[in-house]
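For reference, the structure discussed in these notes is given below.
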């Protein structure tokens with residue numbers, strides 16, 4: 329089904345790449361697109377590129393390409409900065425819209441740490457007695473009460489792939505009078521998302537995982553249309569101003585989601601992302617999801633049958649899981665090094681998770697079976713037990 | 329003197345480019361470097377690029393290439409985000425280090441508006457009664473008193489090129505017990521800067537102007553070594569964490585300037601910047617400054633002699649000016665359109681400034697004389713007075 333999309337990626341010989349949940353591979357069109365942006369636009373148009381080549385409008389134009397992938401209406405998504413920054417903006421704006429007197433930002437231990445760190449930094453700076461309450465993922469629903477100002481969650485757990493029910497939790501937050509901010513890092517491009525249908529207030533996501541935009545590609549932010557003209561930007565940068573080139577001394581936010589722009593858009597990085605989004609033309613996320621679940625279920629069944637030392641860390645029920653599968657083992661770090669040395673690239677997340685992503689755009693059943701064979705070889709032979717695999721790099 | 333550097337840029341035929349103060353031109357090595365980063369590193373190394381290809385260390389490695397251009401010691405500069413974000417971080421950190429009870433952030437009307445907007449957003453969020461006091465540039469020195477928490481200035485005025493005396497104003501701020509945060513947008517790469525000698529506390533700058541990193545290239549931030557281990561990051565992102573890959577739930581800032589990192593570094597954009605910095609190898613900023621002043625003084629003399637309708641907006645004394653020259657005219661917008669139509673690219677800044685940058689890396693005296701000839705032709709013939717030049721684009 330996805331043979332045509334697989335052909336659109338540069339996949340190195342001898343590598344099975346099950347780490348698209350961390351960094352998507354290079355789409356074949358991306359390097360050429362970036363080269364043209366650099367030589368034809370920057371090189372020849374110089375400063376005129378901001379108008380002539382559409383650079384200034386790129387964040388909203390590309391946001392409109394991402395919108396249908398996350399169930400957002402046109403005009404509700406813009407691009408820029410990093411996911412950490414976009415979550416900071418979203419949380420700050422949501423706190424500004426929450427009922428007076430509420431002091432709890434509710435999150436969970438499955439949230440990616442940067443969201444918690446950014447929330448910490450924000451709440452400490454605000455100095456208004458807000459509390460970041462971090463509960464177990466399964467305790468979130470019961471913890472939503474009328475003390476909560478904002479529910480801030482990552483839909484798919486970065487370690488286990490555990491999937492939150494965005495619609496149900498958002499509805500419960502709203503019923504309690506709170507707002508809901510969603511991090512879509514491990515969701516966007518992995519499974520169907522319906523931000524509008526779920527009633528999410530704000531969301532943000534990254535584009536270098538399942539959207540294949542390249543290392544450090546710009547993030548996106550969604551603002552529900554009902555908030556777009558009233559949300560107050562804490563990062564009130566000039567390119568979110570109503571009239572940036574009037575150079576007024578006072579800030580007036582632009583109408584709509586454009587107020588979430590901050591500084592000058594990263595044009596070269598956006599060109600790579602723009603090319604990567606071409607791969608998605610005509611792709612059904614429902615089909616991606618169906619194929620991803622089929623691949624990951626096959627993987628789970630084979631690994632459990634052939635590698636009994638590994639313990640499934642992900643939910644067994646596909647409906648409760650994103651498109652990644654994690655197994656636990658106390659020697660997880662060294663095992664992953666041994667796998668990578670044999671051409672199977674997944675990744676390790678402390679303390680003990682081996683993480684594998686199943687992205688049908690470029691992974692097929694043959695890849696899954698080849699991956700299982702390598703994993704079985706490493707596990708059965710205890711091949712991880714070598715000094716070179718145990719030595720941790722400075723950065724994993 | 330700079331023939332060799334001029335040859336390192338792609339400069340389109342028929343264009344005289346006096347707008348490097350807004351967007352530097354494409355260095356010849358940049359597109360190839362980016363293509364290699366995409367195809368050889370991202371394409372072949374995939375996720376392993378973070379270690380193998382040095383991506384994770386890129387912000388500090390490239391920061392160390394910028395440090396000598398701004399008079400900063402090694403290890404005091406890191407890269408990422410945009411100048412607006414970096415100024416927000418710098419101001420927030422400086423406020424956290426200012427004496428208790430001080431409530432004034434002092435700036436001036438010559439500051440680039442985004443710095444004022446970001447300060448507005450920050451101070452409103454803090455809600456501690458801080459005041460952003462914006463005075464005329466010439467009134468800054470007298471306004472530094474013991475109410476001031478932080479002096480936040482752009483060294484070179486984006487409209488007129490007026491140059492603040494960083495050392496004197498920083499010393500005065502320190503004598504009053506305040507901290508000094510400098511925006512180097514129009515300084516870095518344009519003139520010698522001595523952050524360490526001046527005693528600046530924090531600084532930030534952009535790399536797409538005189539450093540030629542490309543449209544929307546990442547910003548840099550400098551933290552004085554005395555503050556690097558104590559400044560509290562308001563944008564406490566995971567890549568500024570002491571141990572990002574431990575995935576702890578609690579934030580602990582990294583030692584040194586690395587705590588000013590936020591999210592995942594923009595690798596493709598950094599590759600372009602890295603190539604652009606090669607041009608600076610072996611270049612003396614004192615020579616750049618000398619040549620830039622010679623070019624701009626020749627320009628001023630010729631324009632004043634040959635275009636009497638234009639009024640100099642920049643300081644006449646080169647020692648009080650950065651590397652740009654601005655002239656005022658009520659029809660400035662249309663005049664600039666007429667100039668651009670004839671191949672002379674400068675830019676217009678509302679309400680009435682025609683802005684021209686003199687960057688000896690790729691501008692020589694022949695360019696200056698050709699520019700003056702075009703300007704004289706347009707002014708003498710009132711060639712701006714055509715409907716197509718008066719119609720304003722959506723974005724200037």
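Protein chains in written order, with my numbering: chain A, 329 to 724; chain B, 329 to 724. Beta carbons: idealized from backbone N, C-alpha and C, even for Gly. It should be emphasised that the depicted structure is a prediction, and the values quoted were computed from it without experimental measurement.
List the residues of chain B whose Cβ lies closer than 7 Å to the Cβ of residue i, in chain order.
i                      : result
residue 725 of chain A : In the structure as shown, chain A starts at 329 and stops at 724, and residue 725 of chain A therefore has no counterpart that could be examined.
residue 537 of chain A : What residue 537 of chain A touches in chain B: nothing, since even the nearest Cβ is about 10 Å away.
residue 359 of chain A : 363, 366 and 367
Starting from the beta carbon of residue i, find every residue of chain A whose beta carbon is closer than 8 Å, and list them in chain order.
i                      : result
residue 561 of chain B : 449
residue 413 of chain B : 409, 413, 563, 565, 590 and 591
residue 347 of chain B : 374 and 375
Determine the chain A residues that contact residue i at a beta-carbon separation under 7 Å, and present them in chain order.
i                      : result
residue 620 of chain B : Correct list: empty, because the minimum Cβ distance to chain A is about 19 Å.
residue 334 of chain B : Simply none; closest approach about 15 Å.
residue 594 of chain B : 544, 594 and 597
residue 495 of chain B : In chain order: nothing, as chain A lies at least about 27 Å away.
Per DSSP, residue i is paired with what?
i                      : result
residue 546 of chain B : Paired residue(s): none; residue 546 of chain B is not in a bridge.
residue 372 of chain A : Its beta-bridge partners do not exist; DSSP assigns none.
residue 478 of chain B : B:433 and B:507
residue 661 of chain B : Answer by DSSP bridge pairing: none, since residue 661 of chain B is not bridged.
residue 681 of chain A : A:656 and A:677
residue 672 of chain B : B:344
residue 338 of chain B : B:354
residue 747 of chain B : Chain B is shown from 329 up to 724; residue 747 of chain B falls before or after that span and cannot be answered.
residue 581 of chain B : B:569
residue 640 of chain B : B:655
Tell me whether residue i is buried or exposed, calling it buried when 16 or more other Cβ atoms sit within 10 Å of its Cβ.
i                      : result
residue 451 of chain A : buried
residue 522 of chain B : exposed
residue 723 of chain B : Residue confidence for residue 723 of chain B is low, a pLDDT of 45 falling below 50, so the modelled location carries little weight and cannot support an answer.
residue 714 of chain A : exposed
residue 697 of chain A : exposed
residue 459 of chain B : exposed
residue 351 of chain A : buried
residue 688 of chain A : buried
residue 592 of chain B : buried
residue 537 of chain A : buried
residue 419 of chain B : buried
residue 429 of chain B : exposed
residue 742 of chain B : Here chain B covers residues 329 to 724 and nothing more, so residue 742 of chain B does not appear.
residue 474 of chain B : exposed
Please list the partners that residue i has in chain A, where partner means a Cβ-to-Cβ separation under 9 Å.
i                      : result
residue 462 of chain B : 577
residue 342 of chain B : The contacting residues do not exist; residue 342 of chain B stays about 11 Å from chain A at best.
residue 372 of chain B : 338, 340, 343 and 354
For the alpha helix (DSSP H) holding residue i, just list the boundary residues, first then last.
i                      : result
residue 389 of chain A : 386-394
residue 697 of chain A : 693-708
residue 415 of chain B : 411-425
residue 333 of chain A : 331-334
residue 631 of chain A : 613-634
residue 360 of chain A : 356-364
residue 446 of chain B : 441-454
residue 468 of chain A : 468-471
residue 377 of chain B : 377-380
residue 711 of chain A : No alpha helix (DSSP H) contains residue 711 of chain A, which DSSP labels as neither H nor E.
residue 601 of chain B : 595-606
So which residues of chain B does residue i contact, with C-beta pairs closer than 9 Å?
i                      : result
residue 654 of chain A : Near residue 654 of chain A there are no residues of chain B at all, since even the closest Cβ is about 13 Å away, more than 9 Å.
residue 455 of chain A : 454, 455 and 456
Following the continuous beta strand (DSSP E) through residue i, name the residue where it begins and the one where it ends.
i                      : result
residue 461 of chain A : 459-463
residue 651 of chain A : Here residue 651 of chain A belongs to no beta strand (DSSP E), and DSSP marks it neither H nor E.
residue 588 of chain A : Taken as a continuous stretch (DSSP letters only), residue 588 of chain A belongs to no beta strand (DSSP E), as it is neither H nor E.
residue 408 of chain B : 405-408
Cβ of residue i versus every heavy atom of the ligand ATP: is any distance shorter than 7 Å?
i                      : result
residue 512 of chain A : As presented, the structure is devoid of all ligands, the ligand ATP included, so that no description of it is given.
Just the chain B side, please: which residues come within less than 8 Å of residue i by C-beta, in chain order?
i                      : result
residue 666 of chain A : None at all; the shortest Cβ gap to chain B is about 14 Å.
* Could you pull out every unbroken alpha helix (DSSP H) segment of at least 4 residues lying fully inside the stretch 480-566 of chain B, listed in chain order? => Those alpha helix (DSSP H) runs which fall completely within the stretch 480-566 of chain B and span 4+ residues are 494-503 and 523-526.
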